[in-house]
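**Student:** Quick note: the sequence shown, position 46, residue 237 per this note's numbering, numbers continuous.
Backbone N, C-alpha and C define an ideal beta-carbon position, used for all residues, glycine too.
Sharing a structure, written as structure tokens. Questions coming.
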Amino acid sequence: MTKVGDALAACGIDPAAVRSTEVLTGGTYNEVHRVVLADGERLVLKIAPDPAAPALSHERDLIRTEVLFYRAAATRCRCRGSCAPTTPRC
Numbered sequence: 192m193t194k195v196g197d198a199l200a201a202c203g204i205d206p207a208a209v210r211s212t213e214v215l216t217g218g219t220y221n222e223v224h225r226v227v228l229a230d231g232e233r234l235v236l237k238i239a240p241d242p243a244a245p246a247l248s249h250e251r252d253l254i255r256t257e258v259l260f261y262r263a264a265a266t267r268c269r270c271r272g273s274c275a276p277t278t279p280r281c
């Protein structure tokens, strides 16, 4: 399986349900992919670098901090229809 497939499976998403993936550019640390599922649902998947890869101390577990931020922001979101889901898949 691919890195994207492994990450989706870890979140309970069947990689066979993926219609398409596209690498998104402009990020600075994590890999970012646009994922479209067979049912039309669109997701953004971020994958942290291998923990064994060299990194600065503040970069370690950076994605965990992002998850905390997005969850907190989603619970405070006052917009209608364009907010991140309050229950992330993973």
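1. Which word fits Val-258, buried or exposed, when buried means at least 16 other C-beta atoms lie within 10 angstroms of its C-beta?
2. Tell me the rounded alpha-carbon separation between Asp-197 and Thr-219.
3. Use the C-beta contact count for Val-235: other C-beta atoms within 10 angstroms, 16 or more gives buried, fewer gives exposed.
4. Between the beta-carbon of Ile-238 and the beta-carbon of Asn-221, is there less than 8 Å?
5. For His-224, write down the residues that DSSP places opposite it in a beta bridge.
**Tutor:** Walking through what the data contain:
1. exposed
2. 22 Å
3. exposed
4. yes
5. Val-214 and Leu-236
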